[in-house]
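**Q** Below you'll find the structure I mean.
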Amino acid sequence: MKIAVYSTKPFEREFLGAANAGAGHELRFLLPPLSPETAPLAEGCAGVCAFVNDRLDAPTLEALAPLGVKLLALRSAGFNHVNLDAAHALGMTVLRVPAYSPYAVAEHAVGLMLTLNRKFHRAFNRVREQNFALDGLMGFDMHRKTAGIVGTGKIGELTGKILAGFGCRVLGFDPVRSPACEALGVQYVGMDELLADSDIISLHCPLNPATRHLINESALARTKRGVMIVNTSRGGVIDTRAAIRYLKNGHIGSLGLDVYEEEGDLFFNDLSETIIQDDVFVRLMTFPNVLITAHQGFFTREAVGNIAQTTIGNITDFERGKVNPANQVTSERHVAR
Ligand code: NAI
12 MKIAVYSTKP FEREFLGAAN AGAGHELRFL LPPLSPETAP LAEGCAGVCA FVNDRLDAPT
72 LEALAPLGVK LLALRSAGFN HVNLDAAHAL GMTVLRVPAY SPYAVAEHAV GLMLTLNRKF
132 HRAFNRVREQ NFALDGLMGF DMHRKTAGIV GTGKIGELTG KILAGFGCRV LGFDPVRSPA
192 CEALGVQYVG MDELLADSDI ISLHCPLNPA TRHLINESAL ARTKRGVMIV NTSRGGVIDT
252 RAAIRYLKNG HIGSLGLDVY EEEGDLFFND LSETIIQDDV FVRLMTFPNV LITAHQGFFT
312 REAVGNIAQT TIGNITDFER GKVNPANQVT SERHVAR
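Using the working numbering, the letters of the sequence shown correspond one by one to residues 12 to 348.
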């Protein structure tokens, strides 16, 4: 099957190429992200393969439909960037990679916590400058602290497991309780209690209408002064402007972000020679207690290999007319999750 692969990075060609070796699809690797303007590059393709910052909104899908595109193969678990109603109205099938390595993201979230807490990034620079002073590097024991996990699915469960291993008391908030988390000792509470009791809050829910700006002014007002917040889910779960106000007044102790509301214009690109126009993002980068990584939680060999394998498998299944329902995204699921 002919597939236009948008936003292809060099590392992905290797993994997708290897996964495709036995499958024999014709992959058209494209550097630009998918948008209404770049949709014509999929001319002659029955499917497009897209990553997290590609546009799959109604105008883009309407530009793809006349080209004969019937398959949207997502190289991601998240599907908040897809207009599912438009896709279904246009008769397009949406397939994703629901799980490729929850370990990668959970380990990254905990890495952000440890770095923010023990200030490894600052220590690294200091020692290289032969500055061996400790002032300003003091952290706290994570042992016996309370960690709140918002969204106790695959990644949230693993994050809870690691934190339980540190000796944290782990709270969970999720409309659906996970027996595996309960077996780990995760204590399910309401969102209010999680906000009020947690020293560390780690976000692992999907972005949907119910979770957009879940961490907003009113939620932040209910958190402990000095709280650490880590977001490896989707940028839109945090109201960034509200977070900046709570960083400026000293209420948020530290903030770790692997995702950002407007990351589409920034992440996955080398912008080191350009002037960034997003003042909110630039303000975030000025805080010494904010650590940002550019959506790299998924970025391990294992995860990228699994994404490539499942994506090629999804394309083959679609071609054979028998998609894996676990990998298909439908409108009802979008609402439910
Ligand atoms: P999952 O589907 O296994 O778990 C998500 C959990 O969130 C479910 O248990 C669901 O019930 C819960 N949830 C839904 N609505 C909620 C709400 N309003 N409040 C609290 N919980 C809610 O998904 P998984 O694999 O654990 O991934 C979680 C998220 O992590 C993804 O949706 C994606 O946005 C993000 N992600 C980020 C990556 C990165 O590189 N930073 C890579 C992969 C995923």
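For each residue, glycine too, the CB sits at the ideal point set by N, CA and C.
1) Spell out a yes or no on whether the stretch 40–59 and the stretch 17–27 are touching, meaning 3 or more CB-CB pairs, one atom from each, closer than 8 Å.
2) Within 10 Å of its beta-carbon, does Leu-148 have 16 or more other beta-carbons around it, so buried, or fewer, so exposed?
3) Please name the residue in Leu-182, Met-202, Thr-243 whose C-alpha comes closest to that of Ala-232.
4) Between the stretch 96–112 and the stretch 206–223, do three or more beta carbon pairs fall short of 8 Å?
5) Count the other C-beta atoms from every protein chain shown that fall within 10 angstroms of the C-beta of Phe-143, then say buried if there are 16 or more, exposed otherwise.
6) How would you call Lys-259, buried or exposed, if buried means at least 16 neighbouring beta carbons within 10 angstroms?
7) Use the C-beta contact count for Ala-61: other C-beta atoms within 10 angstroms, 16 or more gives buried, fewer gives exposed.
8) Just checking His-306 against ligand 1 - is the residue's beta carbon closer than 8 Å to any of the ligand's heavy atoms?
9) When you measure from the CB of His-119 to every non-hydrogen atom of ligand 1, does any distance come out below 8 Å?
10) How about Val-238 and Ile-263: are their beta carbons less than 9 Å apart?
11) According to DSSP, simplified to helix, strand and coil, what is Asn-136?
12) Is the separation between the beta-carbon of Leu-171 and that of Leu-206 shorter than 9 Å?
13) Can you tell me whether Ser-244 sits near ligand 1, meaning its C-beta is under 8 Å from at least one heavy atom of the ligand?
14) Can you find at least 3 beta carbon pairs, one from the stretch 272–281 and one from the stretch 297–307, that sit closer than 8 Å?
15) Tell me whether Asn-325 is buried or exposed, calling it buried when 16 or more other Cβ atoms sit within 10 Å of its Cβ.
16) What does DSSP give as the partner residues of Lys-13 in its beta bridges?
17) If you draw a straight line from the C-alpha of Arg-344 to the C-alpha of Leu-75, how long is it?
18) Look at the alpha carbon of Lys-81 and the alpha carbon of Ala-115, and state the distance between them as a whole number of angstroms.
19) Just curious, the beta strand (DSSP E) that Glu-85 is in, first and last residue?
20) Quick check: the Cα distance between Val-181 and Val-161, rounded to an integer number of angstroms?
21) Quick check: does the Cβ of Thr-19 come within less than 8 Å of any heavy atom belonging to ligand 1?
22) Where does Val-270 land, buried or exposed, given buried means 16+ other C-beta within 10 angstroms?
23) Name, in chain order, the residues that DSSP records as bridge partners for Arg-180.
24) Looking at the structure shown, is Val-346 part of a helix, part of a strand, or coil, going by DSSP?
25) With 16 as the cutoff for other CB atoms within 10 Å, does Asp-146 come out buried or exposed?
26) Of all Cβ atoms in chain D, is any one closer than 9 Å to the Cβ of Asn-136?
27) Can you tell me the Cα-Cα spacing of Glu-228 and Leu-266, whole angstroms?
28) Kindly indicate which residue of Ala-175, Tyr-257, Asn-31 has the alpha-carbon position closest to the one of Leu-295.
**A** On the basis of the coordinates in this document:
1) yes
2) exposed
3) Met-202
4) no
5) exposed
6) exposed
7) buried
8) yes
9) yes
10) yes
11) helix
12) Note that residue 171 is Gly in the sequence shown here, rather than Leu. Going by C-beta atoms, Gly-171 is not nearer than 9 Å to Leu-206.
13) yes
14) yes
15) buried
16) Glu-37
17) Per-residue confidence for Arg-344 stands at a pLDDT of 48, beneath the threshold of 50, marking its modelled position as unreliable; no derived number is given.
18) 31 Å
19) For clarity, residue 85 is Leu in the given sequence; the question names Glu instead. First-last of the beta strand (DSSP E) with Leu-85: 82–85.
20) 11 Å
21) no
22) buried
23) Thr-157
24) Residue confidence is low: Val-346 scores 37 on pLDDT, short of 50, so the model does not pin down where it sits. Its coordinate-derived value is still stated next. In this structure, Val-346 counts as helix in the three-state DSSP scheme.
25) exposed
26) Included in the structure is just one protein chain, with no chain D present.
27) 15 Å
28) Tyr-257
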